[in-house]
Amino acid sequence: GVDCGADSRMCCRQEFFVDFKEIGWEDWIIQPEGYHMNYCSGLCPLHMAGIPGLAASFHTAVLNRIKAASAAAAVDSCCVPTQRRPLSLLYYDRDSNIVKTDIPDMIVDSCGCT
Amino acid sequence: AAKGERCPACGVAALAPGAQRDALLALAKRSILAKLRLPGRPSVPQPPSRGSLLTALRTMLRDGAATPGMLRDAAATAGMSQDGRGTGLQEYELLSFAESGSSTSHSVHLHFRFSQEVARSSDIQQATLYLFWASPGRGSQPVTVRLLRADPAGPNLTVTGETRLEVQRPGWTALDIGAAVQSLFTQDTPRLTVQLEVPEGWGSPLPPHPSHSHWPFVVARAQARTPHRLRRR
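Rendered as structure tokens:
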């Protein structure tokens, strides 16, 4: 996957860190100190569609080749997460119990074109 | 999209940087609360004393009840477990310290509350009650531990478990209460009451007050129920 730079226009991963102290949540979330709410953004023109290794299953790659071949279906594809991991949280619930949970698929590690 | 242009995917005009940041922070809050099934952020908690927290974690570790992850994270020392590639089902570990209830000359009541959000959406995998006997009397002290559950139909309490112990010396006792806690998870207000009964005149074998570092606690592990997936051909 590609991380976005200042003037990236093509599909890439935009880093975005939410500091729990900044949003006033540090009193009930014990760990971690923030959440990497990265997201995918940018263009996926045809020549990037289905490049192997970028969110392309074999079926998608073949389908994109067919689309790319027929100019009539000249549509862009989408910039989506290709790898994600859980967000581990340790927090106080409403009864001041200590709860630890791993929320699946909350952190985007890489992006790619479908 | 660059400033002043429109998003090529959805056509919405690009937000000014400040407005975009505010929108992303609001989205992050909504996303985390939704995944924790919380209607809003909890009010300011009354955290347990640091002594009782660390004592509880050491006791759980000695018994192997806490995964190192919880020990590490709750001790607020290391980073979070970044490599968790879980089963895809959300798992919870809960640590709940007792609230003092009513007491008489020969019995003490303790209450444990569990969050409705977790109770409604998950099944208990394991739950253990830890009791520390601070000062058993002369010789061995008979103690009856009863697990009570509020009766949805009325003010009574239903006994869901009973254990008779002979306390010989100061130290921890761990009791498996998984079935009792699971039966609570079907209630609107999942609250477990533990009654400790001793012979008349023996006095409570528990530590004297809730801020004591060896105060009773429950540790439980739960797993979200599998989401009902509708398959359509």
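Residue numbers (the numbering used here), protein chains in the order written: chain A, 39 to 152; chain B, 374 to 606. In this text, a Cβ means the ideal position worked out from N, Cα and C, and glycines have one as well.
Apart from the five residues just before and just after threonine 450 of chain B, which ones in its own chain have a Cβ nearer than 8 Å to its Cβ? By 1-based counting over the second sequence, the position of residue 450 of chain B is 77. The predicted model places threonine 450 of chain B with a pLDDT of 34, which falls under 50 and marks its position as unreliable; any figure quoted below should be read in that light. Cβ neighbours of threonine 450 of chain B beyond the five flanking positions: none.
For chain A, is any of its Cβ atoms less than 9 Å away from the one on proline 415 of chain B? Within the second sequence, numbered from 1, the residue matching residue 415 of chain B stands at position 42. So yes, proline 415 of chain B belongs to the interface.
Could you check which residue in B:Arg410, B:Leu462, B:Ser480, B:Pro578 has the C-alpha nearest to that of glutamine 596 of chain B? Against the second sequence, residue 596 of chain B aligns to sequence position 223. Minimum Cα distance to glutamine 596 of chain B is reached at B:Leu462.
Comparing alpha-carbon positions, which option in A:Asp41, A:Gly39, A:Trp63 lies nearest aspartate 131 of chain A? Here residue 131 of chain A refers to the residue found at position 93 when the first sequence is read from its first residue. The candidate whose alpha carbon is nearest that of aspartate 131 of chain A is A:Trp63.
Using DSSP with H/G/I as helix, E/B as strand and the rest coil, what is serine 556 of chain B? If you number the second sequence from 1, residue 556 of chain B lands on position 183. Correct three-state label for serine 556 of chain B: helix.
I'd like to know whether the C-beta atoms of valine 591 of chain B and leucine 565 of chain B end up nearer to each other than 9 Å. Mapped onto the second sequence, residue 591 of chain B falls at position 218. Mapped onto the second sequence, residue 565 of chain B falls at position 192. Yes, they are a contact pair.
Using a C-beta to C-beta distance shorter than 8 Å, which residues of chain A count as neighbours of glutamine 463 of chain B? Counting from one through the second sequence, the residue named residue 463 of chain B turns up at place 90. Neighbours of glutamine 463 of chain B on chain A, chain order: Thr139, Asp140, Ile141, Pro142.
Whose CA, out of B:Gly474, B:Glu490, B:Val491, lies closest to the CA of leucine 483 of chain B? Within the second sequence, numbered from 1, the residue matching residue 483 of chain B stands at position 110. Of B:Gly474, B:Glu490, B:Val491, the residue nearest in Cα terms is B:Gly474.
Below 8 Å on the Cβ atoms is my guess for leucine 520 of chain B versus valine 532 of chain B; work out the distance and round it to an integer in Å. Looking up residue 520 of chain B in the second sequence gives position 147. Looking up residue 532 of chain B in the second sequence gives position 159. Distance from leucine 520 of chain B to valine 532 of chain B at the Cβ level is roughly 7 Å; contact confirmed, criterion being Cβ atoms closer than 8 Å.
Nearest-angstrom Cα separation, counted from glycine 80 of chain A out to glutamate 378 of chain B: The sequence position of residue 378 of chain B within the second sequence is 5, counting from 1. The sequence position of residue 80 of chain A within the first sequence is 42, counting from 1. Roughly 13 Å between the two C-alpha positions.
With 9 Å as the threshold, decide whether the Cβ of serine 148 of chain A is near any Cβ in chain B. Taking the first residue of the first sequence as 1, we reach residue 148 of chain A at position 110. Not an interface residue.
Hey, arginine 594 of chain B and glutamate 464 of chain B: beta-carbon distance below 9 Å or not? What you label residue 594 of chain B is simply residue 221 of the second sequence in a count that begins at 1. What you label residue 464 of chain B is simply residue 91 of the second sequence in a count that begins at 1. Their beta carbons are under 9 Å apart, which means arginine 594 of chain B touches glutamate 464 of chain B by this criterion.
Where the beta strand (DSSP E) containing methionine 433 of chain B begins and where it ends: By one-based count along the second sequence, residue 433 of chain B stands at place 60. Premise fails: methionine 433 of chain B lies in the alpha helix (DSSP H), 423-436, not in any beta strand (DSSP E).
Cutoff 9 Å: tyrosine 130 of chain A Cβ touching any chain B Cβ: The sequence position of residue 130 of chain A within the first sequence is 92, counting from 1. With 9 Å as the cut-off, tyrosine 130 of chain A counts as an interface residue toward chain B.
Does glutamate 53 of chain A come within less than 9 Å of chain B when only Cβ atoms are used? The residue given as residue 53 of chain A occupies position 15 in the first sequence. Chain B contact via Cβ: absent.
Quick one: Cα of arginine 397 of chain B to Cα of alanine 429 of chain B, how far? Working through the second sequence from its first residue, we reach residue 397 of chain B at position 24. Working through the second sequence from its first residue, we reach residue 429 of chain B at position 56. Note that residue 397 of chain B is leucine in the sequence shown, not arginine. When rounded, the distance between both Cα atoms is 38 Å.
Tell me the DSSP secondary structure of phenylalanine 55 of chain A in three-state form. Along the first sequence, one-based indexing puts residue 55 of chain A at 17. It is a strand residue.
Taking 9 Å as the CB-CB limit, is leucine 388 of chain B close to chain C? Of the protein chains in this structure, namely A and B, none is chain C.
For chain A, find out if any of its Cβ atoms is closer than 9 Å to the Cβ of alanine 392 of chain B; answer yes or no. For the purposes of this step, residue 392 of chain B is taken as residue 19 along the second sequence, with counting starting at 1. Nearest CB-CB separation between alanine 392 of chain B and chain A: not below the 9 Å threshold.
Determine whether the Cβ of valine 40 of chain A lies closer than 9 Å to any Cβ atom of chain B. Along the first sequence, one-based indexing puts residue 40 of chain A at 2. So no, valine 40 of chain A is outside the interface.
Asparagine 76 of chain A: contacting residues in chain B (beta-carbon distance under 9 Å): Here residue 76 of chain A is taken as the residue at index 38 of the first sequence, counted from 1. By Cβ distance, chain B contributes nothing, its closest Cβ being about 11 Å from asparagine 76 of chain A, past 9 Å.
Return the first residue and the last residue of the alpha helix (DSSP H) that glutamate 490 of chain B is part of. Here residue 490 of chain B is taken as the residue at index 117 of the second sequence, counted from 1. Start and end: 489-494.
Output, in sequence order along the chain, the residues in the stretch 393-407 of chain B whose CB is closer than 7 Å to any CB in chain A. Answer set for the stretch 393-407 of chain B: Leu397, Leu398, Ala401, Lys402, Ile405.
Alpha carbon to alpha carbon, how far is leucine 468 of chain B from isoleucine 136 of chain A? If you number the second sequence from 1, residue 468 of chain B lands on position 95. If you number the first sequence from 1, residue 136 of chain A lands on position 98. The straight-line gap from Cα to Cα measures roughly 5 Å.
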